[in-house]
Each structure stands twice: as structure tokens, then as C-alpha cells.
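Asker: Under UniProt numbering, the sequence shown has 256 at position 256, and the numbering climbs by one with no breaks. All residues carry an ideal CB built from backbone N, CA and C; glycine is no exception. Note that the structure is a prediction, hence the values are computed from the model and not measured.
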Amino acid sequence: MLVTVVTLTRNRPRLLARALRSVQRQDLDTPFRHLVVIDDCHETYAYLRSHEPLPGNVRWLLAGRGPDDVSGPGRSARLRNMAVRASRAQWIGFLDDDNEWEPDHLGSLLECAGRTGHRAVHSHLRMLDADGTPYLEPREPWARDPAEGRAQWARMRAKGVVSPGSCVRRDRLDPPGTDDPVVSVDTGEWLLARDLLLDVPFRDVYDAHDEAESIGEDDKLAMDLRDRAEPVSCTGKATLRYYLGGYSNNFSLPFDPTFSWRDAGDASDQKREAVR
């Protein structure tokens, strides 16, 4: 098997169905597998069981939770690392359950990897509101403060990442030594060699600073790849359809009743320190 696509999912079977269709529409001659990791959600488990038989290249597993497990970047990182270890494919791609890929996503990434010889390649994305309309507001949606979001967007415009009137985001990973670097690649944009992910797994510990700055597992992976000067190439194609509304950019509604940027044990320690 050349490629494994990993999708983490919890409590969103309708969105998962869209992601499943997106992966099956990939225009790819080489074999690939879609591994769906269900994060302790029996509703999604029942949904997949009711729709069997699924396409032959789809596999799924139900990951249970312990008493201290919560939703958040730490949990997602651990599940992603588990899926990487379970795969035997040369390449790993990640599609979140609320996003989609264009049909040429995997094919263009594999072509880029073959042409460059790099173990880390990525695409660009189109940013969309939850209803599918293009996101055109001149503000970074991951900033809690609107003024800070506008300032960040202006910086990204100056860097050539975003443009007025366009929902395309030209993410990139500037090499070490770059002044004021851009270090921004979403998980769904990457295609990564499995052996690279075994050497540089997703980090699963997050602290108050990470929470304040909305630093997730994709941000830390990009930082780690950059710190080790891993060669990176981009297709230049916006083949990820990124829908807003997930935990990193929805600050008005709870993403999940169990959600926490830090693990339950970390939060308990913080409360004990506050009491002292």
C-alpha cells in the first residue's frame, strides 16, 4: 500500500460521510487506504456499521477513552501517532472529518514528492465558511481578538499568503534563518513519509501558552520540521477545502463537552496550584 489517509472523527457522522466521499473521489492510480479512527463515539460507530459494506480500501477502528482523556490537540496528536504506527504505507495524509479534498489532491502531492525527492510535501487550501461559501474577511479566523486577527491577516498579506477577495491561502514553511518566517501548514495539506512521522511524531503535550496562542498539533509539527531543516516542497495547488467551525477557530460554541486544550490532569494541577 503506497498511501494511507487518516481521518479522526468524533460526534460528526454527517460531516464524516462528506470526508469519506472526498477520499473516494481521489484520482489516483496507485493503491491507497482510508483509515478512520473513531474517538470513542458510538454514534459514529453505529453509523459506519449501518453503512457496511464500505469501499474495500476503508478501514476503521474505535479508540476508547480512559477517565482522564479529553478532546483537544493532545488527544488528536496521540490518535494520529497511533494511526501512523498502525499503517504500513510509505506515505501518510490526514483529512479531518469536517474538510474535503479536490480530486487531484493526493495525485499532485505524490507527483511533487517524486519530482523533488522530499519526504514532506504540501498543498495550499481554500478557506470556506461552514456553509461552503468562500471566507473573504480580511481577518485571521484563529485569533480570538478581532483587531489581532486583522493585524495577523495584514502580515500574511504582506507575506503573500493571502490576498484580498480570495479564499485561497498559500501556506508555506519558511526555512531556518528566514526573517519573520511563515510557519503555517494545515494538517490536511501535508503528505508525509511514514518514516519521517516516526522520527518526528505529533507532540501531545500542550500548556497555557499554547492555549492562549491557539497552537495545535499541526503548528507544532511544522515547527519541528522547520527546526530540523527538513526539506519541504509545495504543489502550489489549493486542493484542500478547509471549512471553518472547528475547535481552533470557533470561540462562541463548545466544540465538544469534554474539550480542553490541556489534558485533564494538567488542568487539575493548575487548579490545585491556584488554591495554594
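Might you give, ordered along the chain, the residues of its own chain that have their beta carbon closer than 7 Å to the beta carbon of D69, omitting 5 neighbours on each side?
Answerer: So the qualifying residues of the chain are R75.
Asker: Where does V70 sit, in a helix, a strand or coil, going by DSSP?
Answerer: Coil at V70, not helix or strand.
Asker: What number of angstroms, rounded off, separates the C-alpha of A130 from the C-alpha of P67?
Answerer: Using only the alpha carbons, I get a separation of about 32 Å.
Asker: In the DSSP assignment, what are the bridge partners of M127?
Answerer: BP columns for M127 point to Y242.
Asker: State the Cα-Cα distance for the pair A63 and V37, rounded to the nearest angstrom.
Answerer: In a straight line, the C-alpha of A63 is about 7 Å away from that of V37.
Asker: Any heavy atom of the ligand MN inside 8 Å of the beta-carbon of E137?
Answerer: No copy of the ligand MN appears in this structure; indeed no ligand is present at all.
Asker: Leaving out five residues before and five after G80 in sequence, what residues of the same chain have Cβ atoms less than 6 Å from its Cβ?
Answerer: The question names Gly, but residue 80 is Arg in the sequence shown. Excluding residues within five positions, the ones whose Cβ falls inside 6 Å are F202.
Asker: Please report how far the alpha carbon of S22 lies from the alpha carbon of R33, in whole angstroms.
Answerer: Those two C-alpha atoms are separated by around 13 Å.
Asker: Just to confirm the assignment, what range does the alpha helix (DSSP H) spanning G107 have?
Answerer: That run of the alpha helix (DSSP H) goes 105 to 116.
Asker: Note down the Cα distance separating A212 from Y206, rounded to an integer number of angstroms.
Answerer: Cα to Cα, A212 sits roughly 11 Å from Y206.
Asker: On the three-pair Cβ rule with 8 Å, is the stretch 136 to 147 touching the stretch 180 to 187?
Answerer: As far as the Cβ criterion goes, the stretch 136 to 147 does not touch the stretch 180 to 187, which means the pair count is below three.
Asker: What is the C-beta distance between D256 and S71, in whole angstroms, given that I count them as a contact (C-beta under 8 Å)?
Answerer: With 8 Å as the limit, D256 and S71 qualify as a contact, their Cβ atoms being about 4 Å apart.
Asker: May I have the straight-line CA-CA distance separating L191 from E148, to the nearest angstrom?
Answerer: Cα to Cα, the separation comes out at about 31 Å.
Asker: Can you tell me whether DSSP reads T9 as helix, strand or coil?
Answerer: Three-state DSSP puts T9 in a strand.
Asker: Classify T178 as helix, strand or coil using the three-state DSSP reduction.
Answerer: Coil.
Asker: Below 8 Å on the Cβ atoms is my guess for R126 versus R241; work out the distance and round it to an integer in Å.
Answerer: Sure, about 6 Å apart at Cβ, within 8 Å.
Asker: Could you check whether R78 and residue 335 sit closer than 9 Å to each other, using their CB atoms as the reference points?
Answerer: Lying before the first or after the last residue shown, residue 335 is absent from the chain, which here runs from 1 to 276.
Asker: Does the distance from the CB of L225 to the CB of V84 come in under 9 Å?
Answerer: The answer is no: Cβ separation not under 9 Å.
Asker: How close, in whole Å, do the beta carbons of D97 and R194 come, if the pair is a contact with beta carbons under 8 Å?
Answerer: Rounded, the Cβ-Cβ distance is 21 Å, inconsistent with contact.
Asker: Which residue's Cα is closest to the Cα of G107: L28, A113, W261?
Answerer: For the residues L28, A113, W261, the minimum Cα distance to G107 belongs to L28.
Asker: Determine the DSSP secondary structure at residue 297, reduced to helix, strand or coil.
Answerer: Any question about residue 297 goes unanswered here, given that the chain covers just 1 to 276.
Asker: By the DSSP assignment, the alpha helix (DSSP H) with H209 in it spans what residues?
Answerer: Run containing H209: 208 to 213, per the alpha helix (DSSP H) assignment.
Asker: To which residues of the same chain is H124 closer than 8 Å at the C-beta, ignoring the five residues directly before and after it?
Answerer: If we look at H124 and ignore the five residues flanking it on each side, its Cβ neighbours are V168, R169, R170, D171, E189, C234, T235, G236, K237, A238, T239, L240.
Asker: Which ranges would you report for the alpha helix (DSSP H) in the stretch 16 to 75 if only whole runs of at least 4 residues count?
Answerer: Those alpha helix (DSSP H) runs which fall completely within the stretch 16 to 75 and span 4+ residues are 42 to 50.
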